[in-house]
């Protein structure tokens with residue numbers, strides 16, 4: 001299995017998938033031949049980071065398809081975003097739930113972690129706290 005690399009405030013933390021903070025993602029469950037189903041991938045993205053945002057869900061109002069899915073997220077700072085998920089990655093497409101602004105030209109991010117890290121200091125703090133709790137738990141289990 002591939003290791004997961006977490007970037008947290010300039011620190012790189014390398015851990016195996018079974019050690020990740022909230023690893024509900026199963027790549028085999030989202031493959032359709034050689035094409036990932038973005039609707040299922042979007043559900044996995046939501047499940048992985050829901051603990052660190054106020055609200056997050058796959059849009060039920062926008063047209064999701066095997067090659068594109070939309071995710072609504074409310075950060076801990078009470079900012080609202082509509083995210084587009086494609087093979088290219090994740091990007092902000094609107095500043096309200098279920099809003100797609102075709103004129104927005106925002107940067108793609110390879111992971112939801114890097115996107116939320118840029119958008120939300122509250123996410124960064126929640127992620128860091130979860131990581132510290134996990135490390136403390138591993139330390140206690142190692143004694």
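Numbering (full-length UniProt numbering), first residue to last: 1 to 143. Built from N, CA and C at the ideal position, the CB exists for glycine as well.
Can you check whether the CB of residue j is closer than 8 Å to the CB of residue i?
| i | j | result |
| --- | --- | --- |
| residue 81 | residue 89 | no |
| residue 41 | residue 85 | yes |
| residue 103 | residue 62 | no |
Excluding the 5 residues preceding and the 5 following residue i in the sequence, name in chain order all residues of the same chain whose CB lies nearer than 6 Å to its CB.
| i | result |
| --- | --- |
| residue 127 | 52 |
| residue 148 | Outside the modelled stretch of the chain, which goes from 1 to 143, sits residue 148, for which no answer is possible. |
What would DSSP say about residue i, mapped onto helix, strand or coil?
| i | result |
| --- | --- |
| residue 81 | strand |
| residue 120 | coil |
| residue 133 | helix |
Counting only the same chain and skipping the five closest in sequence on each side, list residues whose C-beta sits under 7 Å from that of residue i.
| i | result |
| --- | --- |
| residue 107 | 91 |
| residue 101 | 93, 94 |
| residue 26 | Only weak support exists for where residue 26 lies, its pLDDT of 44 falling under 50; the coordinates are left without a value. |
| residue 117 | 123, 124 |
| residue 137 | none |
Find the nearest neighbour of residue i within the set the options, judged by alpha-carbon distance.
| i | options | result |
| --- | --- | --- |
| residue 58 | 76, 122, 39, 74 | 39 |
| residue 96 | 68, 64, 56, 113 | 56 |
| residue 72 | 105, 112, 87 | 112 |
| residue 120 | 43, 49, 44 | 49 |
Going by beta carbon distance, what residues of the same chain come within less than 8 Å of residue i, once the five residues before and after it are set aside?
| i | result |
| --- | --- |
| residue 167 | Nothing about residue 167 can be read from this structure; the chain reaches only from 1 to 143. |
| residue 68 | 38, 84, 85, 86 |
| residue 141 | none |
| residue 64 | 38, 39, 42, 58, 70 |
Residue ranges of each alpha helix (DSSP H) run of no fewer than 4 residues wholly in the segment 34-111, ordered along the chain?
Listed in chain order, the complete alpha helix (DSSP H) runs (minimum 4 residues) inside the segment 34-111 are 38-49.
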